[in-house]
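*Asks:* Mind having a look at this structure? Questions to follow.
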Amino acid sequence: MDVSLGLLTLVVVVCAASALARRLNLSVPLLLVVVGVVGSYLPFIPAVQLDPELVLVGILPPLLYAAAIRTSLVEFRTNLRSIGLLSVGYVIFGTVAIGLIVWWLIPEIPLAAAFALGAVVAPPDAVAATTIARRVGLPRRVVSLLEGESLVNDATALVLLRTAIVAIGGSVTVWQVASDLAFAAAGGVVVGLIAAWLLLQIRKRVRNVAINTSMSLAAPFVAYIPAEVIHASGVLAVVVAGLVIGTQTPAMPGGASRLSQRSNWATVQFLLENSVFLLIGLQVRSIIEATSGDSLGAGRIWGACAVILVAVLLLRPIWVFPAIYLPRLIPKIRKADPAPPWQLPTIVSWAGMRGVVTLAAVFALPEDVAHRPVLVLAALVVVAGTLVVQGLSLPWLVRILGVHGPDNKADALSQAALMDQATAAGIENLHQHSRPDDPPEVLDMLERRTQERNRAAWERLGRSELADRTPSKRYVQLRLAMLDAERARVLKLRHSGAYAHEVISDVLEMLDVEESMLDTSPDDPGIDFSPESRSATRPDTAGVPLGAGGCEHLRAVGEHPVPPDPECSDCVREGTTPVHLRMCLVCGNVGCCDSSVGQHATRHFHESGHPIMCSAEPRELWRWCYVDELLG
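Position one of the sequence shown corresponds to residue 2 (the working numbering), numbered consecutively onward.
Now the structure itself:
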């Protein structure tokens, strides 16, 4: 009963705190840690101590798998060098440096135990960094780098911790450490690939939604447990399996299974990643009280913990800047991957929050290690300190440096352009496979519904005040009202007992499926493509410009061919790099978009008064009126 009550309380607190944090625009991890700290000092809440086995086997694999299946394998490969330098190089560097600092501060602690603490506090947390990074709104490349690092660094740290624990009871050579790392990495990759292959074979042959979802939930353990049995890296096996499965699954049949898995994994990830922050806070009191009788004395203990925290904060930028810029001294690397502006490595250096894996791993230290409670307290101080210091200051740092996250307007434009290509492929397939005896009304309906879905994606690019007036938005509003009426009638008939329960359930499920297919974002106000923001339009597939009916400029402007190799002459003159190119449809001037440094397309409009521009990018067929702010 106590266990079930504790789990229920945990879920309720996590949900309530998360909802409150979002409403108040606070950091969910930090708020949950604070709630946990307060709870640890309440007399009716028992002391909490994380079982390392519970975290490292029960929580870490599913969290890593949930992140891995959403990670782009293409982006992971693109950032592989940087990810390797951070997830392997930095963890080894941090382990050695922190270990030596701890041994210097407290010589009474064995050197092997000091290195064990270094391995514990070296890796940033897979959850903390990316959770705060997404909330702050960092550039996608930074988030991809942090995610990739967080997926792999735990594997390096746990292998080093395992080696350090062995060294506490004996001696370990550098060769042994290197061989352990090599075997753990190779074994983890092999086991992960085998697990992914087996699970994908099952996925190909089984169409049942419940079975596929269950196998998906078991996938991280299918990869983790065999790897750990052979003393390879279970963490790396989970990551490899997740990357492969996440890449291959969308190409398989069974959309219902994918939707079910996505929904279930979102729930699992939400509960686990938020619960761990609450559990961190709940351990504070017991960890602090455990050091009260230590012979080192409170002043020396807390002073050493503060120095260790400062060292953790400083060592990361000491490693990150050379790791990012030194490889680019090689001309081949510099040409393929130019050096990023200094702001990005600054943010990567500061996004090094530690989390629950650090606390769980430190409890794996043998009970007879000298001053073990001090080592546990040091790990807690690093976790809490990085979450508070870096977590609270990271948004401020991003604002000061002027770094911007993904542009919703550009994402909406990309989504509409991608949907346009998908629609074209679908209609082409329809024309290829339709037969002369196919009912014309069926073909017309298929093509019309596909075009309407495509048109809805482009309509989202208009002004926010026009969002509720678009045909697609009005269709959704009216159809939802109809579905409510239909559901109410079915429920009324259910009470009459005139229809079997199974029949009623099937009809209600059909109504729910249709509702889930509608674009039901009630709080999405549309996307404002004002002159100060990135612009986007295109003609609909029938050849009538969207918005042209209310814009004389879109109706009057003619076509202007885009040059084969367009370039922004202002960017060339100023030495800046454009993100996307736009072309004036009055004079043919090519300028860069508003995500570029110069924003020369908008500048040209303000200087010339020419109202209409179009995309100068391949396969983009949209136009935009600066004056009326309409698509065309």
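Using N, Cα and C, we set each Cβ at its ideal position, and we do this for glycine too.
(1) Going by alpha carbons, who is nearest to Leu378 out of Ala69, Arg490, Ile70 and Val121?
(2) My output table needs one value for Gly1: the three-state DSSP class, helix, strand or coil.
(3) For Ile613, which residues does DSSP report across the bridge?
(4) For Tyr66 and Ile428, I'd like the C-alpha separation in whole angstroms.
(5) Looking only at its own chain, which residues have a Cβ that is under 7 Å from the Cβ of Leu310, when we skip the five neighbours before and after it?
(6) Within 10 angstroms of its Cβ, does Trp176 collect 16 or more other Cβ (buried), or is it exposed?
(7) Gly85 to Glu150, Cα distance in whole Å?
(8) Can you give me the Cβ contacts of Glu229 inside the same chain, cut-off strictly under 7 Å, excluding the 5 residues immediately before and after it?
(9) Nearest CA to the CA of Ala219: which residue from Ala233, Ala242, Lys205 and Leu237?
(10) I'd like to confirm the pairing. Which residues does DSSP put opposite Gly592 in its beta bridges?
(11) Between Leu395, Thr451, Arg436 and His434, which has its C-alpha nearest Gln1's C-alpha?
(12) Helix, strand or coil for Leu631, going by three-state DSSP, please let me know.
(13) Whose CA, out of Ala123, Pro562, Leu484 and Ala187, lies closest to the CA of Val514?
(14) Out of Gly247, Gln600 and Pro342, which one is the CA nearest neighbour of Arg71?
(15) Does DSSP put Gln452 in a helix, a strand or coil?
(16) Can you find the residues in the same chain that come closer than 7 Å, C-beta to C-beta, to Val36, ignoring five residues on each side of it along the sequence?
(17) So does the stretch 589-609 actually touch the stretch 564-576, counting three or more Cβ pairs closer than 8 Å?
(18) How about Ile1 and Pro111: do their beta carbons lie closer than 8 Å?
(19) Of the choices Val92, Val358 and Val49, whose alpha-carbon is the least far from that of Arg317?
(20) If you reduce the DSSP assignment to three classes, tell me which class Ser435 lands in.
(21) Restricting to Cα atoms, I'd like to know which of Val375, Leu237, Ala233 and Pro339 is closest to Gly300.
(22) Alpha carbon to alpha carbon, how far is Ala617 from Ala602? Give it in angstroms, no decimals.
(23) Could you pull out every residue in the same chain whose Cβ sits closer than 6 Å to the Cβ of Pro612, ignoring the five residues on either side in sequence?
(24) For the alpha helix (DSSP H) that contains Phe45, what are its first and last residues?
(25) Does the Cβ-Cβ distance between Ala324 and Leu87 come in under 8 Å?
(26) Taking all protein chains shown into account, do 16 or more other C-beta atoms lie within 10 angstroms of the C-beta of Met584, making it buried, or fewer, making it exposed?
(27) Please classify Asp525 as buried or exposed, where buried requires at least 16 neighbouring CB atoms within 10 angstroms.
(28) Tell me whether the beta-carbon of Ala186 lies closer than 8 Å to the beta-carbon of Phe116.
(29) If you run the structure through DSSP and keep just helix, strand and coil, what is Thr578?
(30) By the three-class DSSP mapping on this structure, what secondary structure does Trp343 have?
(31) Would you call the stretch 248-258 and the stretch 52-69 touching, i.e. three or more CB-CB distances under 8 Å?
*Replies:* Taking the geometry as given:
(1) Locating residue 378 in the sequence shown gives position 377, where the first residue counts as 1. Of Ala69, Arg490, Ile70 and Val121, the smallest CA-CA separation from Leu378 is found for Val121.
(2) This structure cannot speak to residue 1, because the chain is shown only from 2 to 633.
(3) Here residue 613 is taken as the residue at index 612 of the sequence shown, counted from 1. By DSSP's assignment, Ile613 forms a beta bridge with Cys626.
(4) Counting from 1 along the sequence shown, the entry for residue 66 is found at position 65. Counting from 1 along the sequence shown, the entry for residue 428 is found at position 427. The straight-line gap from Cα to Cα measures roughly 36 Å.
(5) Counting from one through the sequence shown, the residue named residue 310 turns up at place 309. Excluding sequence neighbours, Leu310 sits near Val382, Val383 and Gly386.
(6) Counted from its first residue, the sequence shown places residue 176 at position 175. Trp176 comes out exposed.
(7) The count along the sequence shown starts at 1 and reaches residue 85 at position 84. The count along the sequence shown starts at 1 and reaches residue 150 at position 149. Taking the straight line from one Cα to the other gives about 7 Å.
(8) Translated into the one-based positions of the sequence shown, residue 229 becomes position 228. Cβ within range, chain order: Gly235.
(9) Taking the first residue of the sequence shown as position 1, residue 219 is located at position 218. Residue Ala242 is the option with its Cα nearest to Ala219.
(10) Translated into the one-based positions of the sequence shown, residue 592 becomes position 591. Paired residues: Arg583.
(11) Limits of the chain in this structure are 2 at one end and 633 at the other, which puts residue 1 out of reach.
(12) For this step, residue 631 is matched to residue 630 along the sequence shown. Correct three-state label for Leu631: strand.
(13) Numbered from its first residue, the sequence shown carries residue 514 at position 513. Of the listed residues, the one whose Cα sits closest to Val514 is Leu484.
(14) Numbered from its first residue, the sequence shown carries residue 71 at position 70. Here the closest residue by C-alpha is Gly247.
(15) The residue you call residue 452 lines up with position 451 of the sequence shown. The answer is helix: DSSP assigns Gln452 an H, G or I state.
(16) As a working note, residue 36 is residue 35 in the sequence shown. For Val36, where only same-chain residues beyond five positions count, the Cβ hits under 7 Å are Val14, Ala18, Leu279 and Gly282.
(17) Inter-segment contact for the stretch 589-609 and the stretch 564-576 is present: three or more beta-carbon pairs are separated by less than 8 Å.
(18) Outside the shown range of the chain (2 to 633) lies residue 1, about which nothing can therefore be said.
(19) Here residue 317 corresponds to residue number 316 of the sequence shown, with the count starting at 1. Of the candidates Val92, Val358 and Val49, the one whose C-alpha sits nearest the C-alpha of Arg317 is Val92.
(20) The residue labelled residue 435 in the question sits at position 434 within the sequence shown. If DSSP states are grouped into helix, strand and coil, Ser435 belongs with coil.
(21) For this step, residue 300 is matched to residue 299 along the sequence shown. The shortest C-alpha separation from Gly300 is found at Val375.
(22) In the sequence shown, the residue the question calls residue 602 occupies position 601. In the sequence shown, the residue the question calls residue 617 occupies position 616. Near 11 Å, if we compare the C-alpha coordinates of Ala617 and Ala602.
(23) The residue you call residue 612 lines up with position 611 of the sequence shown. If we look at Pro612 and ignore the five residues flanking it on each side, its Cβ neighbours are His554, Cys626, Tyr627 and Val628.
(24) Locating residue 45 in the sequence shown gives position 44, counting from the first residue. That residue, Phe45, is in no alpha helix (DSSP H); it is neither H nor E in DSSP.
(25) Translated into positions along the sequence shown, residue 324 becomes position 323. Translated into positions along the sequence shown, residue 87 becomes position 86. It is a contact, given that the beta carbons lie within the stated cut-off.
(26) Here residue 584 is taken as the residue at index 583 of the sequence shown, counted from 1. With 16 or more other Cβ atoms within 10 Å, it is buried.
(27) As a position in the sequence shown, residue 525 is number 524, starting the count at 1. Note that Asp525 scores a pLDDT of 44, beneath 50, so its modelled location is shaky; the value from the coordinates is reported in the next line. Exposed, since its Cβ has fewer than 16 Cβ neighbours within 10 Å.
(28) On the sequence shown, position 185 is the one that residue 186 refers to. On the sequence shown, position 115 is the one that residue 116 refers to. For Ala186 and Phe116, no; Cβs fall outside 8 Å.
(29) Position 577 of the sequence shown, counted from the first residue, corresponds to residue 578. DSSP places Thr578 in coil when its eight states are reduced to three.
(30) Residue numbering aside, residue 343 sits at position 342 when the sequence shown is read from its first letter. Annotated three-state conformation of Trp343 is coil, per DSSP.
(31) no
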